[in-house]
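Visitor: The structure that follows is given in the form of structure tokens.
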Amino acid sequence: MRTGIRPSALTAAALATAALLATGCGTARETAAPVVAPAMTVTAAAEPEQVADPVRVRIPRIGVDAAVRALELDPHGVLPPPPTNHDTGWWRAGPEPGEAGPAVVVGHVDSREGPAVFFRLRDLDPGDRIAVDRADGTTAEFTVGRTERYGKNSFPTAEVYGDTPNAQLRLITCGGAFDRRSGHYLDNVVVYADRIG
């Protein structure tokens, strides 16, 4: 059974949360109910105009150098997971990295084949650097502020997807205990990062 919600029924922030919960971090799609949040808008500009789409994310501290794929809703109104365990996915309806607001990039933590792209995401510390290369050859650089872990049933939608006065980045994967009966992790790991400069 697929999970997710139709675009007409949700705000952008709620769709982002539905996308997170529908993205498989283990061996199957999530089945938890999405969290619905009030509409959120970005009011301040980190960059005055639209910036290019992200194409690659690099995190030297944990050995990540991965392609970024744009993620869009499928015909069922569900945002699919990144296409492989070694790519990441950027929620296209949200800000591009470097624009005002939180750009959201998700990735798998592991699979039956072993560790995936964000396997070591939980190891990031404040001050660690993240670089997001964009299609026009520019790079937006970020520094980690904190890393948090949340139960999937208490995911803080407003905190992760809410309005920010500057350009921020959210990296999200699964974490915590693995429920072998359902084939899913019980938590999400979220890295909060701010643009440098």
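For the sequence shown, the positions run -28 to -1, 1 to 169 when mature numbering (1 follows the signal peptide of the UniProt record, and there is no 0) is used.
All C-beta atoms in this analysis are idealised placements derived from N, C-alpha and C, irrespective of residue type, glycine included.
This structure is a prediction, so every number in the text was calculated from the model and none was measured.
I believe Thr88 touches Asn57 by the beta-carbon criterion, under 8 Å. Please report the beta-carbon distance rounded to the nearest angstrom.
Guide: Before going further, note that residue 88 is Ala rather than Thr in the sequence given. That belief holds up - the Cβ atoms of Ala88 and Asn57 are roughly 4 Å apart, short of 8 Å.
Visitor: Tell me which same chain residues have a C-beta within less than 7 Å of the C-beta of Gly148, skipping the five on either side of it?
Guide: Only Arg121, Tyr157, Leu158, Asp159 meet the Cβ criterion.
Visitor: Using 8 Å as the Cβ pair cut-off and three pairs as the minimum, do the region 125 to 138 and the region 92 to 101 touch?
Guide: No, the region 125 to 138 does not touch the region 92 to 101.
Visitor: Could you tell me the distance, in whole angstroms, from the CA atom of Cys146 to the CA atom of Phe127?
Guide: Near 12 Å, if we compare the C-alpha coordinates of Phe127 and Cys146.
Visitor: The alpha helix (DSSP H) with Val77 in it runs from where to where?
Guide: Careful: Val77 lies outside any alpha helix (DSSP H), inside the beta strand (DSSP E) at 73 to 78.
Visitor: Could you please give me the residues that DSSP links to Gly147 through a beta bridge?
Guide: Partner(s): Asp159.
Visitor: Mapping DSSP to helix, strand and coil, what is Leu93?
Guide: If DSSP states are grouped into helix, strand and coil, Leu93 belongs with the helices.
Visitor: If distances are taken between C-alpha atoms only, which option among Val36, Gln22, Arg153 comes closest to His80?
Guide: Looking at the Cα atoms, Val36 is the closest of the given residues.
Visitor: Between the Cα of Asp105 and the Cα atoms of Val161, Arg28, Gly123, which residue gives the shortest distance?
Guide: Asp105 has its Cα closest to that of Arg28, out of Val161, Arg28, Gly123.
Visitor: Using the DSSP secondary-structure output, state which residues sit across from Ser83 in a beta bridge.
Guide: BP columns for Ser83 point to Gly86.
Visitor: Rounding to the nearest angstrom, what Cα-Cα distance links Arg84 and Gly155 in this structure?
Guide: Their backbone Cα atoms lie some 11 Å apart in a straight line.
Visitor: Between Val78, Gly169, Pro52, Ile34, which has its C-alpha nearest Thr111's C-alpha?
Guide: Of the candidates Val78, Gly169, Pro52, Ile34, the one whose C-alpha sits nearest the C-alpha of Thr111 is Gly169.
Visitor: Confirm, please, whether the CB-CB distance from Thr115 to Asp166 is below 8 Å.
Guide: Yes.
Visitor: Apart from the five residues just before and just after Ile102, which ones in its own chain have a Cβ nearer than 6 Å to its Cβ?
Guide: Result list for Ile102: Ile31, Phe114, Ala165, in chain order.
Visitor: Report whether the distance from the Cβ of His80 to the nearest heavy atom of the ligand MG is below 7 Å.
Guide: Among the ligands in the structure shown, none appear at all, so the ligand MG cannot be discussed.
Visitor: Measure the alpha-carbon distance for Arg118 versus Leu143 and round it to whole angstroms.
Guide: When rounded, the distance between both Cα atoms is 11 Å.
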